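Position 12 (the sequence shown) corresponds to 12 in UniProt numbering; numbering is contiguous. In what follows, a structure is listed as structure tokens, so that the remarks can point back to it.
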Amino acid sequence: MTDSSTADATADSYTIREELPDPETFAALRDAADMPPRSPEGIEQGLPNSVYGVIVVHEPTGETVGMGRIVGDGGTVYQISDMVVHPDHQRQGLGTRIMTQLESYLESEAPPQAYVNLIADVDGFYESFGYEETQPASKGMYRRIE
Numbered sequence: 001m002t003d004s005s006t007a008d009a010t011a012d013s014y015t016i017r018e019e020l021p022d023p024e025t026f027a028a029l030r031d032a033a034d035m036p037p038r039s040p041e042g043i044e045q046g047l048p049n050s051v052y053g054v055i056v057v058h059e060p061t062g063e064t065v066g067m068g069r070i071v072g073d074g075g076t077v078y079q080i081s082d083m084v085v086h087p088d089h090q091r092q093g094l095g096t097r098i099m100t101q102l103e104s105y106l107e108s109e110a111p112p113q114a115y116v117n118l119i120a121d122v123d124g125f126y127e128s129f130g131y132e133e134t135q136p137a138s139k140g141m142y143r144r145i146e
């Protein structure tokens, strides 16, 4: 069992920064978390078009160990995307810290009645932020360009 001073020390060793990862870190984090790869061209083109993003930096090493971003049109539709914490740094509340930062941005910047969506691959996590499944009213779909 971890005492609170150890938990606080662990939390203090990470910083959330309002910035996007560089393309190499973006690809490496997705790979480490077994997320589908994105092409280097797609990453180079897509990252600068993000609406907002954050990274998690492990202060002792300076390594970027987590990220999350919002994509969309900046007014009517937003999508939470590329939420990932490196497996070596999971189970320390970092995903919650990333989502809290993204949610704060949406609360302050998104106009009333904006639509926010995401593809969830962690049961129960996003529900705690107020997200709910769309079925049966609608269903999520995708198509990958090969």
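Cβ atoms here follow ideal geometry from the backbone N, Cα and C, with glycine treated the same way. All values derive from a computational prediction rather than experimental measurement.
Own chain residues within Cβ distance below 7 Å of residue i, not counting five before or after
i, result
"Tyr126", "Leu118, Ala120"
"Gln113", "none"
"Glu24", "none"
Under the three-state DSSP convention, the category residue i falls into
i, result
"Leu20", "coil"
"Gly95", "helix"
"Gln101", "helix"
"Thr61", "coil"
"Tyr52", "strand"
"Arg144", "coil"
"Ser4", "Residue placement at Ser4 cannot be trusted, given a pLDDT of 36 that sits under 50; the coordinates are not used to answer."
"Tyr14", "strand"
"Glu133", "coil"
Residue i - containing alpha helix (DSSP H), residue span
i, result
"Ile43", "40–46"
Cutoff 8 Å; reference residue i; Cβ partners in own chain excluding five residues on either side
i, result
"Asp8", "Per-residue confidence for Asp8 stands at a pLDDT of 45, beneath the threshold of 50, marking its modelled position as unreliable; the derived number appears in the next sentence. Within the same chain, Asp8 has no close Cβ partners at all."
"Ile98", "Ile16, Val54, Val56, Gly66, Met67, Gly68, Met83, Val85"
"Lys139", "none"
Heavy atom of the ligand COA within 7 Å of residue i beta-carbon
i, result
"Asp73", "As for the ligand COA, it is missing from this structure, which has no ligand bound."
Delimiting residues of the beta strand (DSSP E) encompassing residue i
i, result
"Asp82", "77–85"
"Val116", "115–118"
CB contact flag (residue i, residue j, <8 Å)
i, j, result
"Val57", "Thr100", "no"
"Leu47", "Leu29", "no"
"Val51", "Tyr78", "yes"
"Pro111", "Gly75", "yes"
"Leu102", "Ile145", "no"
"Asp31", "Pro40", "no"
DSSP beta-bridge partners of residue i
i, result
"residue 153", "Here the chain comprises residues numbered 1 to 146, so residue 153 is not present and cannot be evaluated."
"Gly66", "Val56, Val85"
Cut-off 6 Å between Cβ atoms - residues of its own chain near residue i, not counting five sequence neighbours on either side
i, result
"Pro60", "Ser13"
"Ala137", "none"
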